[in-house]
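**Student:**
2 protein chains.
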Amino acid sequence: MRWVKRKHRETIPVKTVLGIASCAFAAAFAWSLSAAAQTPAAESLSYSASGELIRPPDYREWVYVTSGLGMTYGPAQAAAEPAPLFDNVFVKPEAYREFLRSGTWPDKTMFLLEVRDADTNVSINNGGRTQGRLVRMEASVKDRQRFPDDGWGYFSFDSPQGLVDQAAPLPATATCYSCHKTNTAVDNTFVQFYPTLFDVAKRLGTIKPTYDPAKKP
Amino acid sequence: MRWVKRKHRETIPVKTVLGIASCAFAAAFAWSLSAAAQTPAAESLSYSASGELIRPPDYREWVYVTSGLGMTYGPAQAAAEPAPLFDNVFVKPEAYREFLRSGTWPDKTMFLLEVRDADTNVSINNGGRTQGRLVRMEASVKDRQRFPDDGWGYFSFDSPQGLVDQAAPLPATATCYSCHKTNTAVDNTFVQFYPTLFDVAKRLGTIKPTYDPAKKP
Numbered sequence: 019m020r021w022v023k024r025k026h027r028e029t030i031p032v033k034t035v036l037g038i039a040s041c042a043f044a045a046a047f048a049w050s051l052s053a054a055a056q057t058p059a060a061e062s063l064s065y066s067a068s069g070e071l072i073r074p075p076d077y078r079e080w081v082y083v084t085s086g087l088g089m090t091y092g093p094a095q096a097a098a099e100p101a102p103l104f105d106n107v108f109v110k111p112e113a114y115r116e117f118l119r120s121g122t123w124p125d126k127t128m129f130l131l132e133v134r135d136a137d138t139n140v141s142i143n144n145g146g147r148t149q150g151r152l153v154r155m156e157a158s159v160k161d162r163q164r165f166p167d168d169g170w171g172y173f174s175f176d177s178p179q180g181l182v183d184q185a186a187p188l189p190a191t192a193t194c195y196s197c198h199k200t201n202t203a204v205d206n207t208f209v210q211f212y213p214t215l216f217d218v219a220k221r222l223g224t225i226k227p228t229y230d231p232a233k234k235p
Numbered sequence: 019m020r021w022v023k024r025k026h027r028e029t030i031p032v033k034t035v036l037g038i039a040s041c042a043f044a045a046a047f048a049w050s051l052s053a054a055a056q057t058p059a060a061e062s063l064s065y066s067a068s069g070e071l072i073r074p075p076d077y078r079e080w081v082y083v084t085s086g087l088g089m090t091y092g093p094a095q096a097a098a099e100p101a102p103l104f105d106n107v108f109v110k111p112e113a114y115r116e117f118l119r120s121g122t123w124p125d126k127t128m129f130l131l132e133v134r135d136a137d138t139n140v141s142i143n144n145g146g147r148t149q150g151r152l153v154r155m156e157a158s159v160k161d162r163q164r165f166p167d168d169g170w171g172y173f174s175f176d177s178p179q180g181l182v183d184q185a186a187p188l189p190a191t192a193t194c195y196s197c198h199k200t201n202t203a204v205d206n207t208f209v210q211f212y213p214t215l216f217d218v219a220k221r222l223g224t225i226k227p228t229y230d231p232a233k234k235p
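First to last, the protein sequences are chains A and B. Take 19 as the starting number for the first sequence in my numbering and just add one per residue. Take 19 as the starting number for the second sequence in my numbering and just add one per residue.
1) So, with DSSP's three-state summary, where would you put B:Glu132?
2) Could one say the Cβ of B:Pro235 lies closer than 8 Å to chain A's Cβ atoms, at least one of them?
3) Against chain B, with Cβ distances strictly below 8 Å, would A:Pro231 count as a contact?
4) Anyone know if the C-beta pair for A:Ala232 and A:Ile225 falls short of 8 Å?
5) Give me the Cα-Cα distance between A:Ser85 and B:Phe216, rounded to the nearest whole angstrom.
6) List, in order along the chain, the chain B residues whose C-beta lies closer than 8 Å to that of A:Thr90?
7) Quick one: using the 10 Å Cβ neighbour count with 16 as the cut-off for buried, is A:Asp3 buried or exposed?
8) Taking the alpha carbon of B:Thr127 as the reference point, which residue from B:Ala190, B:Asp168, B:Tyr229, B:Pro111 has its own alpha carbon closest?
9) Going by DSSP, what residue range makes up the alpha helix (DSSP H) through A:Glu79?
10) Quick check: what's the CA-CA separation for A:Glu70 versus A:Ala185?
11) Roughly how many angstroms lie between the CA atoms of A:Ala67 and B:Ser68, to the nearest whole one?
12) Cα-Cα, which of A:Asp137, A:Val209, A:Arg78 is closest to B:Asp118?
13) Decide if A:Gly88 is buried, meaning its Cβ has at least 16 other Cβ atoms within 10 Å, or exposed.
14) Taking the alpha-carbon of A:Phe104 as reference, which of A:Leu188, A:Trp80, A:Arg151 has the nearest alpha-carbon?
15) When the distance is taken between beta carbons, is A:Asn144 closer than 8 Å to B:Tyr91?
16) Within its chain, find whatever has a CB closer than 7 Å to the CB of A:Tyr114; leave out the 5 residues flanking it on each side and keep chain order.
17) Between the alpha carbons of A:Asp125 and A:Val133, how many angstroms are there, rounded?
18) Does any residue of chain A bring its CB to less than 8 Å from the CB of B:Pro213?
19) Helix, strand or coil: which one does DSSP assign to B:Leu188?
20) Where are the beta strand (DSSP E) runs, 3 residues long or more, that stay fully inside the region 150-216 of chain A, in chain order?
21) In chain A, which residues lie with their C-beta within 8 Å of the C-beta of B:Thr84?
22) Sort out for me which residues DSSP pairs B:Asn106 with in a bridge.
23) Taking B:Ala192 as the reference, which of B:Ser158, B:Val209, B:Phe208, B:Ile142 has the closest Cα?
24) Return the CA-CA distance between A:Arg162 and A:Asn106, expressed in angstroms with no decimal places.
25) Comparing the C-beta of B:Pro75 with each C-beta of chain A, is any distance below 8 Å?
26) Residues of chain B with CB under 8 Å from A:Asn106, in chain order?
27) Could you pull out every residue in the same chain whose Cβ sits closer than 8 Å to the Cβ of B:Pro166, ignoring the five residues on either side in sequence?
28) Are any of the Cβ atoms in chain A nearer than 8 Å to that of B:Arg164?
29) Using beta-carbon positions only, say whether A:Val109 and A:Val83 come within less than 8 Å of one another.
30) Using the rule of at least 16 other Cβ atoms within 10 Å of the residue's Cβ for burial, across every protein chain shown, is B:Ser174 buried or exposed?
31) Whole angstroms is fine: what's the gap from A:Asn201's alpha carbon to A:Asp230's?
32) Looking only at its chain, what residues have a beta carbon closer than 7 Å to the beta carbon of A:Ser120, apart from the 5 residues adjacent to it on each side?
33) In chain B, which residues lie with their C-beta within 9 Å of the C-beta of A:Asn201?
34) DSSP three-state call for A:Tyr229: helix, strand or coil?
35) What residues from chain B crowd round A:Arg78, counting only those whose CB sits closer than 8 Å?
36) Taking C-beta pairs closer than 8 Å, name the residues in chain A that B:Arg134 reaches, listed in chain order.
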């Protein structure tokens, strides 16, 4: 019984984030999806009985690792710039602390990517961009049991009707999987975009030998 | 003795953040200050014996509230756009949770603002901006005892030689104080730029009656 409970509590792991931005949704450039969303306060995240990842209500209290604005990937996308959006990346605190220690992500690591409007001219601001409405949310988990290939699974909580409460893994054919495997600096995660953690990985020597900072897809 | 220790541990409070960006440094537009900095791992923050605020080593594990890119303020500044920078705002977790509950900042609230390079063309990215080198760090605290005027004090950890480990409060004549008092949505903080917390303040009715979203300095 204790084991069952423990397993349940450790069941959240997800993954990259900016990585995700470079995969199914960002690479596919689905900037048009929009979703009303609140930031719930409760704590708990897990898979449902059917194996869907529960959207974490408390990710805004996880550890923030980076933001980007208007990030695009691939040769054709820079030109087709739509309204730029912010992306914010959060990771579960226990995984973050393990990364600080070892430069690696433990099993059950979970990342959450939120994408927000990049507003202009809000309040006293008269230049640049500030963060606004939540438009998209995606996640990645490191879970060797569920994703025996390279250990990572990718999820989207987006739908035409807004955010869903839980999501099945994206299919293995989604570009997330191949993009994260090929273009990431550490494990299957885009640590090259997380400045403080990239420094940690450099110091601890956990950057993949295959990582090429000059490589473009 | 227990009281002394407790007092010491609760001694960190700071404040606004984006607010800070709109005051001494951002309003004065001191974008040129650059500072090498690491992200320390230890935990503890406090005032020194001489009343200087200790730069918190663990703020990257605090709760993230927002980012901006290239934010400018005031009528003359939009035109003089230098290379845009990211600003990231963090708040102490206990203050964040109290804000979720009440829509107000408790005494001893502390905010940390970090400013980072906004890099282009990093790794697979070919459009937009990603976060890079840390260039500036500022803080605000709500501490009614030390700042009896309106309860808030403002600090900068910047220096021409890089980040300093501790800092005296900026003088009361610094623009932070008047700008935060005049232009903020909740208490002396720029909650109008923190999308999730602005929703909380709207719901709990804690936006200042004097807050005018259309007002420009």
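Using N, Cα and C, we set each Cβ at its ideal position, and we do this for glycine too. Small disclaimer: the values here were computed from a predicted structure and weren't measured.
**Tutor:** According to the structure shown:
1) strand
2) yes
3) yes
4) no
5) 19 Å
6) The contacting residues are Asn143, Asn144, Gly145, Gly146.
7) Only positions 19 to 235 of chain A appear in this structure, which leaves residue 3 of chain A out of reach.
8) If we check each option's Cα against that of B:Thr127, B:Pro111 comes out closest.
9) That residue, A:Glu79, is in no alpha helix (DSSP H); it is neither H nor E in DSSP.
10) Between the C-alpha atoms of A:Glu70 and A:Ala185 there is a straight-line separation of about 5 Å.
11) 57 Å
12) Note that residue 118 of chain B is Leu in the sequence shown here, rather than Asp. That would be A:Arg78, whose Cα lies nearest to the Cα of B:Leu118.
13) buried
14) A:Arg151
15) yes
16) Val81
17) 25 Å
18) yes
19) coil
20) 170-174
21) Thr148, Gln149, listed in chain order.
22) B:Ser85, B:Glu132
23) B:Ser158
24) 25 Å
25) Residue contact check for B:Pro75 against chain A: no CB pair falls below 8 Å.
26) Tyr82, Ser85
27) none
28) Closer than 8 Å: no.
29) Cβ atoms of A:Val109 and A:Val83: closer than 8 Å.
30) buried
31) 8 Å
32) Leu222
33) Ser141, Ile142
34) coil
35) Within 8 Å Cβ-Cβ: Val81, Tyr82, Thr214.
36) Pro213
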